[in-house]
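Under the numbering used here, the first residue of the sequence shown is numbered -1, with each subsequent residue one higher. From the three backbone atoms N, C-alpha and C, an ideal C-beta is built for every residue, glycine too. Remember, predicted model here, so these are calculated numbers, not experimental data.
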Amino acid sequence: MRIFNRFATTPHIGGNGFFLRRPEGRDYRAWYELRSNSRSFLEPWEPNWALDYLSRRSYLGLVRRYRADFAEGRAVPLFLFRTEDNALLGGLNIGNIRGGAVQSCMIGYWMGEEHSGQGWMLKAIEAVQPYIFETLRLHRIEAACIPENTRSVKLLEKAGFQYEGFLRGYLKINGRWRDHSLYALLAEDRFGERNGKRVDRRSCGNADLGAP
-1 MRIFNRFATT PHIGGNGFFL RRPEGRDYRA WYELRSNSRS FLEPWEPNWA
49 LDYLSRRSYL GLVRRYRADF AEGRAVPLFL FRTEDNALLG GLNIGNIRGG
99 AVQSCMIGYW MGEEHSGQGW MLKAIEAVQP YIFETLRLHR IEAACIPENT
149 RSVKLLEKAG FQYEGFLRGY LKINGRWRDH SLYALLAEDR FGERNGKRVD
199 RRSCGNADLG AP
């Protein structure tokens, strides 16, 4: 049974020089080249790669799992592309989607080494917030990162996420159980209310709504 009927349409989220869409089989070659060229850059922060991880067969299996997760309302996997040349830059997954009294999700992300440090993932995380809060109508976005991953820590802080706690042995990363820092962003962190209407805090000065 599908958790949310809000998944009826496939999201295509665009922005200033980039867009996000669901992964497709035809993306294999770009995915393979970006992931293989970025392997040493990515492996310290990811679960162990299987021996056949970069194979076409493994990738197509991943796409099938992505489709099933989307169809069941569990996750919205997205690839990040540069608009000018359709180059694959990285990926962002909206996962662990829960409704009911929780109404939350967990985001994870990765960026190809050659495209890192250019602000693309910050734009992507900011761009998916309206989709999460307004289309999926969730209340809370969580993200966890290894404390030593200073790039990820700075990224989340720039995106408005707040540190909430320390998770011991949270995920098995690169063959070891690693502690993680938990960050979260709430709908009210991004949106305020003025004259009975929701207002995007980023569209107003702090003099109107107060510092977030």
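**Request:** Measure the CB-CB distance between Leu76 and Gly93 and report whether it falls below 8 Å.
**Result:** Within the sequence shown, residue 76 is the residue found at index 78, counting from 1. Within the sequence shown, residue 93 is the residue found at index 95, counting from 1. Cβ distance not < 8 Å, so Leu76 and Gly93 don't count as in contact.
**Prompt:** Mapping DSSP to helix, strand and coil, what is Gln101?
**Reply:** The count along the sequence shown starts at 1 and reaches residue 101 at position 103. Here Gln101 sits in coil by DSSP.
**Prompt:** With a Cβ-Cβ cutoff of 8 Å, do Ala182 and Phe159 count as a contact?
**Reply:** Taking the first residue of the sequence shown as 1, we reach residue 182 at position 184. Taking the first residue of the sequence shown as 1, we reach residue 159 at position 161. Going by C-beta atoms, Ala182 is nearer than 8 Å to Phe159.
**Request:** Whole angstroms is fine: what's the gap from Ile139's alpha carbon to Asp187's?
**Result:** Here residue 139 corresponds to residue number 141 of the sequence shown, with the count starting at 1. Here residue 187 corresponds to residue number 189 of the sequence shown, with the count starting at 1. Roughly 11 Å between the two C-alpha positions.
**Request:** Leaving aside the five residues before and after Ser34 along the sequence, list all residues of the same chain whose C-beta is less than 7 Å from its C-beta, in chain order.
**Result:** As a working note, residue 34 is residue 36 in the sequence shown. Same-chain partners within the cutoff: Leu52.
**Item:** Cβ-based neighbour list, Phe131, same chain, cut-off 6 Å, excluding 5 preceding and 5 following
**Value:** As a position in the sequence shown, residue 131 is number 133, starting the count at 1. So the qualifying residues of the chain are Ala185.
**Message:** Taking the alpha-carbon of Ala167 as reference, which of Tyr161, Asp177, Gly173 has the nearest alpha-carbon?
**Reply:** The sequence position of residue 167 within the sequence shown is 169, counting from 1. Reading off the sequence, residue 167 comes out as Gly, not Ala. Of the candidates Tyr161, Asp177, Gly173, the one whose C-alpha sits nearest the C-alpha of Gly167 is Asp177.
**Request:** Determine the DSSP secondary structure at Gln211, reduced to helix, strand or coil.
**Result:** Here the chain comprises residues numbered -1 to 210, so residue 211 is not present and cannot be evaluated.
**Request:** Quick one: using the 10 Å Cβ neighbour count with 16 as the cut-off for buried, is Ala220 buried or exposed?
**Result:** With the chain represented from -1 up to 210, any question about residue 220 goes unanswered, as that position is not in the structure.
**Message:** For Phe164, count the other beta carbons within 10 Å of its own beta carbon; 16 or more makes it buried, fewer makes it exposed. Which is it?
**Reply:** In the sequence shown, counting from the first residue as 1, residue 164 sits at position 166. Around the beta carbon of Phe164, fewer than 16 other beta carbons lie within 10 angstroms, which makes this residue exposed.
**Request:** Rounded to whole angstroms, what's the CA-CA distance from Thr148 to Arg62? Just pull it up for me.
**Result:** Here residue 148 refers to the residue found at position 150 when the sequence shown is read from its first residue. Here residue 62 refers to the residue found at position 64 when the sequence shown is read from its first residue. Their backbone Cα atoms lie some 33 Å apart in a straight line.
**Cβ neighbour criterion (16 or more within 10 Å) applied to Asn297** = The question about residue 297 has no answer, for the chain in this structure spans -1 to 210.
**Asked** Where are the beta strand (DSSP E) runs, 3 residues long or more, that stay fully inside the region 120 to 193, in chain order?
**Response** Every unbroken stretch of the beta strand (DSSP E) spanning 3 or more residues and falling wholly within the region 120 to 193 is given here in chain order: 138 to 143, 160 to 171, 174 to 184, 189 to 192.
**Asked** Start and end of the beta strand (DSSP E) containing Arg20?
**Response** Position 22 of the sequence shown holds residue 20. Element bounds for Arg20: n/a, residue is neither H nor E.
**Prompt:** On the premise that His10 lies in contact with Phe16, defined as a C-beta separation below 8 Å, what is that separation, rounded to the nearest angstrom?
**Reply:** Taking the first residue of the sequence shown as position 1, residue 16 is located at position 18. Taking the first residue of the sequence shown as position 1, residue 10 is located at position 12. That pair is no contact at about 12 Å.
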